Amino acid sequence: MGNRTLPRLLQTPAVLLLLAWMLVPLSMTLFFSFIRYVLNNLRKPEWTTPSIDNWRGWGNYEYVLYKAKDFWFAVENSLIIVGSIIVFTVVLGLAIAVLINRTFPGRGIVRVLLISPFFIMPAVNAVLWINMILDPVLGLNGLAIGGINNMVASLANAPLVGWFFALWPVIEPISFRGTETSAIAVIIMVTWQWTPFAVLIFMTSMQSEDQQQKEAAILDGASTWSQFCNLTLPHLARPIAIVVMIQAIFHLSLYAEIEIVSRGNGNKNLPYLIGEFASNNIGAASATGILAVILANIVAIFLLRIVGKNLMD
Amino acid sequence: MSVLEPKTSFHRIFLPTLAWTIAIIFFFPIFWMVLTSFKTDADAVKPEYLFIFQPTLENYMNMTENYDYWRFAKNSIITSVFATAFTLFVGIPSAYAMAFNPSRHTKDILMWMLSTKMLPAAAVLYPMTFLTKNFLGVFDTHFLVIIVLSLINLPIVIWMLFTYFKEIPKEIIEAGKMDGVNTWGEIKDILLPLAWGGVASTALLCFIFCWNEAYWTVRLTTTEAATLSKLIEGNRAPEGLFFGRLSAVSAAAVGPIVVLGWFCQKQLVRGLTFGAVK
């Protein structure tokens with residue numbers, strides 16, 4: 178034991194740092210969630226500083242869960258955004274991984290092109306998509322739709338076929354700045370960014386697939402589709418679970434994209450709602466924070482179980 | 162290999178073409194950003210100049226004047242470099258201890274470390290602002306950003322290093338111990354030379370994560386320590402007036418990282434899945 182004590186002590190700095198990082202702010206949040214704590218309150222100035230005298234019990238939680246109109250909307254919206262992103266990235270990721278898991282000319286370049294979106298910083302991702310690409314007037318969206326309309330309009334004057342194009346309506350580009358449409362914009366941009374992540378992981382896992390089994394299946398006349406369903410998909414069960422849960426955890430705390438795309442238009446998720454509360458009602462922000470922690474932990478327990486399975490061998 | 166490589170034209174021509182098309186679609190937004198960055202602000206929103214235009218470098222030349230780019234870039238570099246260094250400084254001894262001298266609790270400690278990564282940052286936003294602003298007086302300093310970036314990346318770094326270290330045969334380290342090498346010597350002279358590749362790719366990934374971090378760097382800074390994330394976030398709605406210059410500064414903010422990413426895509430998988438997929 179003796180000569181193992183020093184080596185083992187080497188992990189203490191990391192443990193202590195993480196312990197402080199987790200415990201100090203979180204216990205403050207927990208405390209604030211049980212007191213009345215409002216930054217700007219002229220009638221009750223005593224509520225503007227945190228103190229045990231302002232104990233409110235479950236009051237903040239009751240306020241958030243039953244009275245604040247946005248909480249359930251934010252939860253629902255968070256789940257819709259996270260759920261859609263996960264479905265799209267996993268389906269697209271599987272399709273693309275199968276497609277490029279073979280040798281063909283320029284495969285290396287295809288990989289490089291595909292992986293690139295994953296390294297774009299979230300702020301740039303959001304600014305790029307919402308302005309340069311999705312803007313209904315000046316973005317590529319608006320310019321392209323405008324181009325189509327112009328083309329249809331000029332074809333309408335053409336002889337013989339003109340009458341056909343004259344029937345076409347003028348297309349209106351979709352604006353992605355409304356409450357619901359901006360949620361769609363967020364889903365598009367995050368799916369774009371995270372599909373490469375799914376592709377990369379599925380492709381790495383597929384390389385360890387049993388090739389002999391596959392050859393046998395082909396010799397037995399199994400179709401490509403049944404090979405995929407009966408051999409590849411079961412082999413990918415664990416990677417798929419990991420991709421789903423890592424994304425669930427990351428996207429539940431999605432922030433920059435919502436802040437940039439949806440500021441002030443009503444589209445919000447839990448982190449954004451916490452940010453809104455935190456500008457004044459710290460008690461409510463903290464209660465929402467604790468509820469978000471509980472939500473994230475439900476997902477985290479499953480993820481940790483899967484990741485930890487083969488850890489020590 | 163024979164049966165696995167069907168030679169129909171569907172497989173030889175159609176599937177590769179499809180793969181190329183998808184790759185080009187995925188890369189297109191980045192290409193579009195770079196293309197727009199070479200247009201003047203006026204040309205960037207004119208439909209007649211979509212692909213054919215007079216390229217100009219003026220957006221890149223005026224980056225300092227328009228956005229004070231280098232001040233933010235300097236902050237990004239300083240915070241990411243020091244945070245990566247500090248994370249490795251704390252993480253290497255820790256991963257060494259867990260990989261070569263595991264105890265009954267090592268697995269639990271690793272799991273617990275990872276679970277800290279799963280706390281939603283927003284839940285502790287106000288306490289962090291409160292502590293750093295009113296209590297410690299470190300709000301909007303490089304020091305604070307470096308510490309926070311280190312702490313949020315420490316679990317991933319330890320996990321990655323742990324999976325790399327565990328691939329090194331224990332006997333090599335034990336042999337060093339027999340020869341009377343002390344713990345510091347074991348790490349410096351035996352472990353690090355052997356695990357050099359793993360440590361390097363861990364550092365690279367940590368650097369990328371630090372550079373792209375967009376919650377704490379935005380919420381815990383105002384001007385002094387503001388990084389590129391904060392710069393771009395602050396220019397979120399240019400209303401079409403400045404697409405050219407905004408594209409240039411965005412391209413300059415992500416360019417180095419995308420190129421770094423290309424070089425570490427193989428190691429990326431391990432880091433992103435906490436070693437569960439290798």
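One line per chain: the protein sequences are A and B, in this order. Heads up: take any position in the first sequence, counting from 1, add 177, and you land on this note's numbering. Heads up: take any position in the second sequence, counting from 1, add 161, and you land on this note's numbering. In this text, a Cβ means the ideal position worked out from N, Cα and C, and glycines have one as well. None of these values were measured; they are calculated from a predicted model.
Boundaries (first-last residue) of the alpha helix (DSSP H) holding residue i
i: residue 371 of chain B; result: 357 to 373
i: residue 388 of chain A; result: 388 to 396
i: residue 477 of chain A; result: 459 to 485
i: residue 214 of chain A; result: Looking at the DSSP string, residue 214 of chain A is not in any alpha helix (DSSP H), and its letter there is neither H nor E.
i: residue 259 of chain A; result: 247 to 277
i: residue 181 of chain B; result: 176 to 198
i: residue 431 of chain B; result: 426 to 433
i: residue 286 of chain A; result: 284 to 292
i: residue 241 of chain B; result: 230 to 261
i: residue 404 of chain A; result: 401 to 404
i: residue 240 of chain A; result: Note, residue 240 of chain A: premise wrong, no alpha helix (DSSP H); not H, not E.
i: residue 309 of chain A; result: Run containing residue 309 of chain A: none; DSSP gives neither H nor E here.
i: residue 298 of chain B; result: That residue, residue 298 of chain B, is in no alpha helix (DSSP H); it is neither H nor E in DSSP.
i: residue 374 of chain A; result: 356 to 383
i: residue 434 of chain A; result: 433 to 439
Neighbour list for residue i in chain A, Cβ cutoff strictly below 8 angstroms
i: residue 216 of chain B; result: Neighbours of residue 216 of chain B on chain A: none; closest Cβ ~17 angstroms, over 8 angstroms.
i: residue 242 of chain B; result: Going along chain A, no residue has its Cβ under 8 angstroms from residue 242 of chain B, so there is no contact; the nearest lies around 16 angstroms.
C-beta neighbour in chain A for residue i, strict 8 angstroms
i: residue 310 of chain B; result: no
i: residue 362 of chain B; result: no
i: residue 386 of chain B; result: no
i: residue 298 of chain B; result: no
i: residue 397 of chain B; result: yes
i: residue 292 of chain B; result: yes
i: residue 330 of chain B; result: no
i: residue 426 of chain B; result: yes
i: residue 354 of chain B; result: no
i: residue 377 of chain B; result: no
Proximity test, Cβ basis, 8 angstroms: residue i and chain B
i: residue 188 of chain A; result: yes
i: residue 298 of chain A; result: yes
i: residue 409 of chain A; result: no
i: residue 381 of chain A; result: yes
i: residue 281 of chain A; result: yes
i: residue 432 of chain A; result: yes
i: residue 276 of chain A; result: yes
i: residue 386 of chain A; result: no
i: residue 436 of chain A; result: yes
i: residue 463 of chain A; result: yes
i: residue 268 of chain A; result: no
Residue i versus the options, residue with shortest Cα-Cα distance
i: residue 348 of chain A; options: A:318, A:367 and A:374; result: A:318
i: residue 424 of chain A; options: A:262, A:274, A:241 and A:300; result: A:262
i: residue 420 of chain A; options: B:412, B:430, B:327 and B:413; result: B:430
i: residue 207 of chain B; options: A:456, A:417, A:309 and A:387; result: A:309
i: residue 442 of chain B; options: B:268, B:180, B:382 and B:234; result: Given a span of 162 to 439 for chain B in the structure shown, any question on residue 442 of chain B remains unanswerable.
i: residue 431 of chain A; options: A:285, A:300 and A:385; result: A:300
i: residue 204 of chain A; options: B:341, B:292 and B:432; result: B:292
i: residue 385 of chain B; options: B:231, B:180, B:426 and B:288; result: B:231
i: residue 442 of chain A; options: A:311, A:429, A:360 and A:339; result: A:360
i: residue 181 of chain B; options: A:245, A:229, A:291 and A:246; result: A:291
i: residue 415 of chain B; options: A:249, A:293, A:200 and A:242; result: A:293
i: residue 298 of chain A; options: B:314, B:185, B:310 and B:412; result: B:412
i: residue 203 of chain B; options: B:192, B:193 and B:215; result: B:215
i: residue 383 of chain A; options: A:410, A:200 and A:357; result: A:410
i: residue 486 of chain A; options: A:470, A:418 and A:453; result: A:418
i: residue 378 of chain B; options: B:410, B:318 and B:237; result: B:237
i: residue 255 of chain B; options: A:190, A:328, A:342 and A:240; result: A:190
i: residue 391 of chain B; options: B:235, B:368 and B:279; result: B:235
i: residue 387 of chain B; options: B:307, B:352 and B:171; result: B:307
i: residue 253 of chain A; options: A:182, A:472 and A:478; result: A:472
Beta-carbon neighbours of residue i, restricted to chain B and to distances below 8 angstroms
i: residue 199 of chain A; result: 277 and 280
Under 7 angstroms by beta carbon: chain B residues contacting residue i
i: residue 254 of chain A; result: Near residue 254 of chain A there are no residues of chain B at all, since even the closest Cβ is about 14 angstroms away, more than 7 angstroms.
Residue i beta carbon near the ligand ADP (any heavy atom closer than 7 angstroms)
i: residue 368 of chain A; result: In terms of ligand content, the structure shown is empty, and the ligand ADP therefore cannot be addressed.
Contacts of residue i in chain D (Cβ-Cβ under 7 angstroms)
i: residue 219 of chain B; result: Judged by its chain identifiers, the structure shown contains no chain D, and its protein chains are A and B.
Per-residue contacts from residue i into chain A (C-beta, under 7 angstroms)
i: residue 411 of chain B; result: 301, 304 and 305
Contacts that residue i makes with chain A (C-beta to C-beta distance below 9 angstroms)
i: residue 171 of chain B; result: Those within 9 angstroms of residue 171 of chain B in chain A number zero; the least Cβ separation is about 10 angstroms.
i: residue 286 of chain B; result: 202, 206, 448, 451, 452, 455, 462 and 466
Partner residues on chain B for residue i, Cβ-Cβ distance less than 9 angstroms
i: residue 184 of chain A; result: 254, 257, 258, 261, 262, 344 and 347
Margin query: Under 7 angstroms, CB to CB, which of the residues in the region 203 to 214 of chain B have a partner in chain A?
Written below: 206, 208 and 211
Next item on the list: For the region 356 to 367 of chain A, enumerate the residues whose C-beta is nearer than 7 angstroms to any C-beta of chain B, in chain order.
Entry: none
Next item on the list: Output, in sequence order along the chain, the residues in the region 192 to 224 of chain A whose CB is closer than 8 angstroms to any CB in chain B.
Entry: 192, 194, 195, 198, 199, 201, 202, 203, 205, 206 and 209
Next item on the list: Determine which residues of the region 287 to 311 of chain A have a Cβ less than 9 angstroms from any Cβ of chain B, and write them out in chain order.
Entry: 287, 288, 289, 290, 291, 292, 293, 294, 295, 296, 297, 298, 299, 300, 301, 302, 303, 304, 305, 306, 307, 308, 309 and 310
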